[in-house]
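Numbering (the working numbering), first residue to last: 11 to 589. Virtual Cβ for every residue (Gly too), placed ideally from N, Cα, C.
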């Protein structure tokens, strides 16, 4: 989504006159109209300061003699300008002692009015705001000179552009190649005076072309040195992930650390200035959390450009598309002052914002009415998700993430279908057990089991006749072993599978979603949504159940002959951030 900043600007007509005589000048109705309309700079406000102060009695206020102007635009084709001589006022009582703030307004007859809410847009056009009173316990403790001037509106806009820097629509920074180059889409940049050489009708606006990627000479690696000078390197079109600006000195990044670089796109020249980061971070997630808070300031010389992106890179990376080595650029659509961290449309998007979809085979149709796993025929690697066992969709998360899961199953015929989401927090996938014994308590050896003392584990699936099934409370021995108080007898070639039982807290609220179809011709899609926060190497899976296995359960096969059938189950996983 592109955020656009729309500014309504009122134009001023400049008129040059000859010395032919005043009568000739004023006889031109167009010029006379322009002069009349320019009266008061088209804005209601003060011309000289009114200076409101607290009276000796702190429940009252004073103000000095001042002047102002009121522009009545009730008829936009014939605005009326009234100059107002505002008299001094002494010991005027506050009309709203119980309110925290009182605003003071003057109309075109020099009549004072007080309001206890911020003046509306209409009030600010019809009356002159000369100040406000701040109160505590009915006593005025502060007067605020928030009087609105009647002049300088266009210069204020100019000042605003200079302070904020350039602003852009579109011109999105990204990367499409497996290297360290950057791309930009076409866009438009507002920057004071930069458009004059191209179109005098749009003196402050320029179009910037798409560049895929930025060529040499259009990407400047930059930093501010200890002398306050911007150092620029225009010799390549590649990001440098291996250095950062430490206290104004270009310094090698520590092995494996991350830095945040910032991209400033300049109008007219179409150059991207890429500021080196100032700080090292241990992880991608830590860097992402500091996008807007890192201690960084931009040199005034580059304020004419539009702040377009943060880019997180890891030392040593050669590929900006590598999920664990770099973060795709985050767009920034408007700058925000001298420090200019940026107000970004996507600044709050966490690391790795993607949508990944997995779909099962068309043969998915439960043969029983008890819950069964939804199976998938893919072993694709999603961002942060690996499928070690796609046959029962035991998805294994490669790193700590937040997931939003959309889960859908098609259904035909009457009957109901229920969806389950099973999530084993800090669990281990099947097959981790490498040894069991007959001792009591039994010592279970398991690679990095992530089980804590007091949690429940279950033993099941032994391949010998001495199979033992049951749930038991675990006691942790070390990171790779734990015990449970039960005797287990197995033969040498026996294999048992030990896994943790789901914690009660993992029973996701509203996770069992059901839809009933009333007729055999009815079709429906059951959708369940879950927000989950698995730890690294956690396991989760999906199940469904039906109350009638003869009603086309789990499959809508409505396609032309020879075409693939509609898949019966569909899972969309959105990576919503890192922990």
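- In the DSSP assignment, residue 243 falls outside any alpha helix (DSSP H) and lies within the beta strand (DSSP E) extending over 240 to 243.
- Every unbroken stretch of the beta strand (DSSP E) spanning 3 or more residues and falling wholly within the segment 105 to 190 is given here in chain order: 111 to 116, 122 to 125, 138 to 146, 149 to 154 and 177 to 180.
- With a 10 Å radius around the Cβ and a threshold of 16 neighbouring Cβ atoms, residue 225 comes out exposed.
- If you check the CB distance, residue 69 and residue 107 come in under 9 Å.
- Fully enclosed alpha helix (DSSP H) runs of no fewer than 4 residues are not present anywhere in the segment 188 to 231.
- In this structure, DSSP gives residue 310 a helical state, which the three-state scheme calls helix.
- In this structure, the alpha-carbon of residue 183 lies about 55 Å from that of residue 75.
- The bridge partners DSSP lists for residue 271 are 321.
- Counting C-beta atoms within 10 angstroms of its own C-beta, residue 170 has fewer than 16 neighbours from the protein chains shown and is therefore classed as exposed.
- The Cβ atoms of residue 322 and residue 282 do not sit closer than 9 Å to each other.
- When secondary structure is reduced to three states using DSSP, residue 304 falls in the coil class, being assigned neither helix nor strand.
- The C-alpha of residue 129 is placed about 21 Å away from the C-alpha of residue 89.
- The alpha-carbon separation between residue 267 and residue 202 amounts to approximately 38 Å.
- Residue 200 counts as buried, since no fewer than 16 other beta carbons sit within 10 angstroms of its beta carbon.
- Going by DSSP, residue 294 is part of the alpha helix (DSSP H) stretching over 294 to 298.
- Judged by DSSP secondary structure, residue 254 falls within the beta strand (DSSP E) whose first and last residues are 253 to 256.
- Per DSSP, residue 263 lies in no beta strand (DSSP E) and is assigned neither H nor E.
- The segment 151 to 158 makes no contact with the segment 208 to 228; the number of CB pairs closer than 8 Å stays below 3.
- In the three-state reduction of the DSSP assignment, residue 84 falls in the coil class, being assigned neither a helical nor a strand state.
- In this structure, residue 62 sits away from residue 115, with a CB-CB distance that is not shorter than 9 Å.
- The shortest CA-to-CA distance from residue 163 to any of 144, 245, 53 and 255 is the one to 53.
- Per DSSP, residue 491 is one residue of the beta strand (DSSP E) stretching across 491 to 494.
- In this structure, residue 288 sits away from residue 311, with a CB-CB distance that is not shorter than 9 Å.
- In the three-state reduction of the DSSP assignment, residue 62 falls in the coil class, being assigned neither a helical nor a strand state.
- Counting along the chain, residue 93 sits inside the beta strand (DSSP E) bounded by residues 90 to 96.
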